[in-house]
Amino acid sequence: MKIKYNSPVVLTFVFLCTIILFLNQMLFHDLIQLWFSAPGKGNFSSSSVRNWITMVSHVMGHASLNHLTGNLLIILIVGPMLEDIYGSYSLLLMMVITAFVTGAVNVLFFTTGLLGASGIVFMMILLASFTNFHKGEIPLTFILVLVFYVGNEVISSFKNDGIAHFVHIIGGFCGSIFGFFRKTPAIKNV
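Residue numbers (our numbering): 5 to 194.
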């Protein structure tokens with residue numbers, strides 16, 4: 005029996021996030037702040053290449069091991085199924101779009117920096133609820149996830165807990181859009 009690299013996009017993302025946190029904690033203490041944290045409103049310069057890179061790379065930076073594992077465990081559970089259904093390239097594209105959209109919203113509306121993969125997590129959660137979507141139907145699972153998820157995030161957004169709840173909502177919105185408009189290929193029989 006051999007170990008298979010079964011989900012290249014998800015596994016590569018997980019390994020990169022882990023390596024980045026390790027390098028930041030052990031060797032390069034400003035690595036995440038400089039290259040894996042999107043700037044807030046007023047701190048973005050359109051002439052800065054680094055600022056444009058961090059609009060996407062912020063999803064790979066995490067503040068702590070708990071922050072990292074909280075995001076990556078869900079990505080490891082949901083991501084391989086989505087990569088199998090949508091394909092590696094499509095999932096990667098959806099992740100990059102979600103990262104850019106959440107980074108752009110942060111730059112436009114919030115003064116604090118942004119880091120972490122929670123937008124990707126919630127994009128995947130809502131996208132997963134569309135896995136059995138058929139034309140002319142809206143899955144009840146999607147409605148329930150949306151109600152519980154949005155309700156919790158709206159309530160939580162009034163807390164001053166240092167969590168960018170808007171990222172969760174925007175990530176979920178991206179996943180909903182991808183799920184609703186993206187044609188889902190048939191699931192392979194194994």
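For glycine and all other residues, C-beta sits at the position ideal for the given N, C-alpha and C.
(message) Three Cβ pairs or more, each shorter than 8 Å: is that satisfied between the segment 65-78 and the segment 109-124?
(response) yes
(request) To the nearest angstrom, report how far apart residue 76 and residue 18 are at their CA atoms. (result) 6 Å
(request) Give the single residue among 85, 53, 47, 37 whose Cα lies nearest to the Cα of residue 12. (result) 85
(request) Would you please state the rounded distance, in angstroms, between the beta carbons of residue 174 and residue 125? I believe it to be under 8 Å. (result) Contact doesn't hold; Cβ gap of about 12 Å is too wide.
(message) Across the segment 92-110 and the segment 49-63, are there enough close Cβ pairs to call them in contact, namely three or more that are closer than 8 Å?
(response) yes
(request) Report the partner residues of residue 42 according to the DSSP bridge assignment. (result) 118
(request) Answer yes or no: the CB of residue 183 versus the heavy atoms of the ligand SAM, is any distance below 6 Å? (result) Questions concerning the ligand SAM fall outside what the structure shown contains, since it holds no ligand whatsoever.
(request) For the segment 35-108, list the alpha helix (DSSP H) runs that are entirely contained and at least 4 residues long, ordered along the chain. (result) 35-39, 53-61, 69-90
(message) Please state whether the Cβ-Cβ distance between residue 114 and residue 133 is less than 7 Å.
(response) no
(message) If you reduce the DSSP assignment to three classes, tell me which class residue 30 lands in.
(response) helix
(request) Counting only the same chain and skipping the five closest in sequence on each side, list residues whose C-beta sits under 6 Å from that of residue 180. (result) 130
(message) Less than 7 Å between the beta carbons of residue 111 and residue 48, yes or no?
(response) yes
(message) Suppose you measure from the CA of residue 170 to the CA of residue 159; what does that come to, to the nearest Å?
(response) 11 Å
(message) Using only the alpha-carbon positions, how far apart do residue 144 and residue 152 sit?
(response) 12 Å
(request) Give me the Cα-Cα distance between residue 8 and residue 54, rounded to the nearest whole angstrom. (result) 35 Å
(message) Taking the alpha-carbon of residue 16 as reference, which of 37, 79, 156 has the nearest alpha-carbon?
(response) 79
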